[in-house]
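So for the sequence shown, our numbering puts the first residue at 790; every next one is plus one.
Even glycine gets a Cβ: it sits at the ideal position worked out from N, Cα and C.
Take a look at the structure set out below.
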Amino acid sequence: MKKLILFSIVIIGLVSCKDKETSIVEKSIEVHGGKKYDSFIAEFDFRKFHVKLMHENGKFQYERISKDTANNEIWDIVNNEGFLRIINGNQVKLSAKDITKYTNAVNSVAYFVLLPYKLRDKAVNLEYLGEMLIENKKYDKIKVWFDKEGGGNDFEDIYCYWFNQETHTLDYIAYANGGPRFRKVKNRQTVGGIVFQDYENFAITDTTISTSDYDKAFLAGKDSLLSVIEQKNIVVK
């Protein structure tokens, strides 16, 4: 009987913890855009690309538009059906390797721009890691990883997110894919009811620590500013 009671307490504790992290993410999604994410068209400039993100009743399409050195117009498109590349109005065939490469590139831009909304995806797993004080503000720290099915080609990557306990905004991001990275929100603007964030992108110089400890490395000065990540000329319909 005692074992049954103990087992029940453990199960209740696990469910309670899961409810906590889900609640934190949902509050943040509401602050960042809420239902606006379900149906919208957003366009912006990102580095040398013009990007267009569209959601409508469960359907999505993400487009990345650029020109090469020969002035050819290149459209990389990811949607519910898969990936296609269009050059000067004509669809072109690509190898499986290139399809994966360009799909990941388009999805990466969309993923970070649409955070924290993207944390609602079915393949996402959340784990609450506790509270953290960063620059005199209290944060809830959440670890994120993905199921193999539906988690994309980088499903094994581990991310970590810090949510401001007072404002519920997502202020810091950490990941290891491509090198230890820690992002800090530099600028935030709301367009068409959706929050868009620019980041300072830091490299973490201590490569021996886990992703969830990048905040400690950042606070200890074990970082180096690599770049500023920003969206310009944002329009939302």
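- The beta carbons of Q1020 and F838 sit no closer together than 7 angstroms.
- For T956, the closest alpha carbon among the candidates K926, K824, T811 and L908 is that of K926.
- Here L1015 carries a strand assignment [DSSP, helix/strand/coil].
- Distance between Q978 and I818, taken at the CA atoms: about 15 angstroms.
- The three-state reading of DSSP puts G919 in strand, counting E and B together.
- Distances from the CA of Y891 to each of Y900, F872 and I876 were compared; the closest alpha carbon is that of F872.
- Distance from the CA of Y900 to the CA of A894, rounded to the nearest whole angstrom, comes to 10 angstroms.
- Ranked by Cα distance from F985, the options G919, D1002, V902 and K975 are led by V902.
- Take G822, set aside five residues on each side of it, and the residues of its chain with a beta-carbon closer than 7 angstroms to its own are Y906, G982, I983 and V984, in chain order.
- Judged by DSSP secondary structure, S897 falls outside any beta strand (DSSP E) and instead within the alpha helix (DSSP H) spanning A885 to V902.
- The Cβ neighbour count for V881, taken over all protein chains shown within 10 Å, is under 16; the residue is labelled exposed.
- One Cα belongs to N846, the other to V867, and the distance between them is close to 16 angstroms.
- Per the DSSP secondary-structure output, N861 pairs with nothing in a beta bridge.
- The DSSP-derived three-state label of R909 is helix.
- Less than 7 angstroms divides the Cβ of K1011 from the Cβ of D995.
- Across the structure, F952 and Y961 are spaced so that their CA atoms are roughly 7 angstroms apart.
- Of all alpha-carbon atoms in D929, I1023 and L1015, the one lying nearest the alpha-carbon of P969 is that of L1015.
- In the DSSP assignment, N990 forms a beta bridge with R972 and S1016.
- Distance from the CA atom of S812 to the CA atom of A1009, rounded to whole angstroms, is 30 angstroms.
- Residue state for H821 is assigned as helix, using DSSP reduced to three classes.
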